[in-house]
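Here is the structure we will look at.
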Amino acid sequence: MKPNRHQNPVVVEVKGVHKSFKQVHAVQGIDLNIHEREFVALLGPNGAGKTTLVEMIEGIQHPDKGEIRILGKKWDGHADDLHRKIGLSLQETRFIDKLRVSEILRLFASFYSLGQERVNQIIDLIGLQDKRRAYVVNLSGGQRQRLALGIALLNRPSILLLDEPTTGLDPNARREIWAILHRLKVEEQTSLILTTHYMEEAEKLCDYIVIMDEGKILREGMKEILLNDQENEKIVEFTIEEPDDVKSGFFDDAPYMVSWDEKKMTGKAKIPKIEKNMHAFLQYIASRNLNIRTLEWRRQTLDDLFTSLTGRHLDE
Amino acid sequence: MNSLLHPGQLRQLILAYSKELLREPGVLFWGIVFPILMSLGLGIAFTKTQDIERSIAIVSPAGSVTGFLSGMGEKLDPEDGEEAYKIRLRDENLGNTTLFFTPMTWDEAIASLKRGTIGLILEEKNGDKIYHFDPSNTDAQLTYMKVSALFNSRKIETASGEEIQPLTLRGTRYIDFLIPGLIAMNVMTSCLWGLGYGVIDKRSKKLMRRMVATPMKKSHFLFSLITVRFMMNLVESVLLFIFAWIVFDVVIQGNIPALILVFLAGNLAFSGLAVFISSRTANTEIGNGLINAIVFPLMVLSGIFFSYHNFPGWSIPYIQKLPLTLLTDGIRSIFIEGASLNTILFPSFLLVLTGLFFFTIGLKIFRWY
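Sequence order for the protein chains is A and B. Taking our numbering, the leading residue of the first sequence gets 20, the next gets one more, and so forth. Taking our numbering, the leading residue of the second sequence gets 21, the next gets one more, and so forth.
Dropping the structure here:
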């Protein structure tokens, strides 16, 4: 059963937070609450401010303005306690090359006063049984990310923060990370904050989506609500045959249009209650004496939502 | 959970850093094998009794070279055809000297002088001998004196009432001077590169950032790095000494507790310096430059290979206060002068003070993220 956002208590509270680096205003007045057992994606392109926000939640960066509370506590004066409650994986960490997988886990386990038994459990969880004696330097990118995730999970964290855990990984390695996180969602009480610029990752793993750009939250909400699934809103993509008399602004007044590419003769429309409104859309095209070559509709994605909010794609 | 000491953390950190070090073949080569090879090379070069060889260019009118040299008597010994001549001067006290004379044109002689293959040009002009050499080069001066004595049919010998007795006492050879210097240099380079660069490297890889995002005690992070580095320095120094003892009969004439004290103080001084230089930067290139900027001047000034007393007199008191000089002089005085614990207390105190000073500042400005 999906957690109801407003029933579970808030575990991370971000209030009016700002952060600047020299000339860059990386985070600009963000308010955000994250609830217990909620899996939240911070989705946005590079430079959106996701990492800065997550690092402030992790206590690595300090806000210039505003307040962050983790499990009701501020970082000042509670660092040791909070470090025991959270687990994290940074965007890029290179562990000691010539330590074995079990040794690096044993090292981090000692920071939480945990023993070999927990190390063995984690090795099983991240599926690195065959690599337990392998040096870190000899692991593949995906295996290293699984190791980083394993280290983050050592202390059975109440809050897990993962900063782009699958960036640069091939699809198989990405799916392996997702599988571990799915298992975590089912078996543990952990809340997850995940930054990503892969919409598929956010859609597959998270219940609550926060779309960020240029240091601000553009839109946030439960995934289903954001994607308007309840409204049965669909994205319609079509191409038309080039008419004899090419006129610009064919679709300027067309209903539901999102974009139109005159060179390719392709268009994209977002149509709510498609079973009811599709007919009106097709009638409009027919009224302009245009012939449709191809037409298909699909469910709205987060990329569509991001494009409609910013005019850009997530990977730009 | 907030206690000062977390033995489990500390043990695992020390274990991890030790494994990191010992599993890197380069560390073992540069830390252990290289100083031994250096001591072997320099020890042989400066300790083995062998002929001193000097090359001299002869610039004289064509065809007169043979006559010019044969005029000196029966010691003339043509070698490698007609173009090079060798004269061996025997001396039981000062050691034998072999002089190589090579006929050249003036331009060739100047080119050879610039390249350092000869130190002296002997020009014959209208029956006179003209010596050309750099007067600030003491070696060239000595060659001139030997050649001049040779041509004037006289020996460099002691006057009546004088006597030369070559020193064979322990502690007076170059190798006795060198080994303490190499030990001190090793402590410095090992701390600055191993510890200082190690911290910068861990910061640049964001490993430090990841580690301090756990309940790890920050003090344990540095303490374990310093401990592992100290143990490594101890092993390196003991192995170097054992090698010098077996091969060159180098012994420690002074007080062992004094040696331990100055060694500990030296490690503390350079660990403090390493923490200071690694306190801010996450860029290994900058770290590289910072460490080189400290290592090279100290190596040149502190009398590792040759006495710093060759530097101008006004600079000596300053040089003697440098941490590497304090450590080198301290170890050397125990090795070759038989210094006691009392003698070593003040330099050790200065080293400890240096270490604490840099350590304190370093920690104040230290960037964990």
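Every residue, glycine too, gets a C-beta built ideally from N, C-alpha and C.
Taking only three categories from DSSP, how would you classify B/Ala359? coil
Exposure of A/Arg331, with buried meaning 16 or more beta-carbon neighbours within 10 Å: exposed
In the DSSP assignment, find the unbroken beta strand (DSSP E) run with A/Leu211 in it and report its ends. Ser210 to Thr215
Rounded straight-line distance, which links the Cα of A/Ile89 to that of A/Asp95: 11 Å
When the Cα atoms are used, what is the spatial distance from B/Thr350 to B/Trp388? The sequence given here places Gly at residue 350 of chain B; Thr does not occur at that position. Cα-Cα distance, rounded: 35 Å.
Within the same chain, show all residues whose beta-carbon is closer than 8 Å to that of B/Phe241, passing over the 5 residues directly before and after it, in chain order. Leu33, Met228, Met231 and Val232
Identify whether A/Arg119 lies in helix, strand or coil by the three-state DSSP scheme. strand
Using the DSSP secondary-structure output, state which residues sit across from A/Gly240 in a beta bridge. A/Ile228
Partner residues on chain B for A/Ile79, Cβ-Cβ distance less than 8 Å: Arg229, Ala233 and Tyr389
Could you tell me the alpha carbon to alpha carbon distance between A/Lys295 and A/Arg312, rounded to whole angstroms? 22 Å
For the beta strand (DSSP E) containing A/Trp279, list its first residue and its last residue. Met276 to Asp280
Could you have a look at B/Glu144 and say whether DSSP puts it in helix, strand or coil? strand
What residues of chain B sit near A/His97, judged by a beta carbon separation below 9 Å? By Cβ distance, chain B contributes nothing, its closest Cβ being about 12 Å from A/His97, past 9 Å.
Check each candidate in A/Gln26, A/Gly35 and A/Pro184 and name the one with the smallest Cα separation from A/Glu111. A/Pro184
What does A/Ser132 touch in chain B if you count any residue whose Cβ is under 7 Å from its own? Gly28
Can you give me the Cβ contacts of A/Arg119 inside the same chain, cut-off strictly under 8 Å, excluding the 5 residues immediately before and after it? Arg151, Arg152, Ala153, Tyr154 and Val155
Taking B/Glu256 as part of the alpha helix (DSSP H), name the residues at either end of that continuous run. Lys238 to Phe268
Looking at A/His37 and A/Val29, is the spacing between their C-beta atoms short of 9 Å? no
Local Cβ density within 10 Å of B/Glu94, reported as buried at 16 or more and exposed below that: Unreliable placement is indicated for B/Glu94, whose pLDDT of 48 sits below 50; the coordinate value is still reported in the next sentence. It counts as exposed.
Looking only at DSSP bridge pairs, what is A/Gly286 linked to? A/Phe257 and A/Trp279
Taking 9 Å as the CB-CB limit, is A/Phe40 close to chain B? no
By a C-beta neighbour count over all protein chains shown, 10 Å radius and 16 as the cutoff for buried, is B/Met21 buried or exposed? Because B/Met21 carries a pLDDT of 48, less than 50, the predicted location of this residue cannot be relied on, and the following value inherits that uncertainty. It is exposed - the Cβ of B/Met21 has fewer than 16 other Cβ atoms within 10 Å.
For the beta strand (DSSP E) containing A/Asp99, list its first residue and its last residue. Looking at the DSSP string, A/Asp99 is not in any beta strand (DSSP E); the run it does join, the alpha helix (DSSP H), is Ala98 to Lys104.
Touch check for the region 264-275 of chain B and the region 348-368 of chain B: three-plus C-beta pairs under 8 Å? yes
Endpoints, the alpha helix (DSSP H) within which B/Val207 is located: Tyr194 to Thr209
DSSP three-state label for B/Thr301, please. coil
Measuring straight from C-alpha to C-alpha, what distance separates A/Pro64 and A/His216? 6 Å
In terms of residues, what are the limits of the alpha helix (DSSP H) holding B/Ala104? No alpha helix (DSSP H) holds B/Ala104; the beta strand (DSSP E) holding it covers Ala104 to Leu109.
Beta-carbon neighbours of A/Leu224, restricted to chain B and to distances below 9 Å: The premise fails here: A/Leu224 is roughly 22 Å from chain B at the closest Cβ pair, so nothing lies under 9 Å.
Three-way DSSP call (helix, strand, coil) for A/Ser132 in this model: coil
Please list, in chain order, the residues of the region 105-124 of chain A that have any C-beta partner in chain B closer than 7 Å. Leu107, Leu109, Glu111, Thr112, Arg113, Phe114, Ile115, Lys117, Leu118 and Glu122
Can you find a CB in chain A that lies within less than 9 Å of the CB of B/Leu25? no
If you drop the 5 nearest sequence neighbours on each side, which residues of the same chain put their C-beta closer than 7 Å to that of B/Leu24? none
Using 8 Å for Cβ pairs, my map puts A/Glu57 next to A/Asp226. What's the rounded Cβ distance? 6 Å
Reducing DSSP to helix, strand and coil, say where A/Pro82 ends up. coil
Can you tell me whether DSSP reads A/Met60 as helix, strand or coil? According to the sequence displayed, residue 60 of chain A carries Ala and not Met. Residue state, collapsed to three classes: strand.
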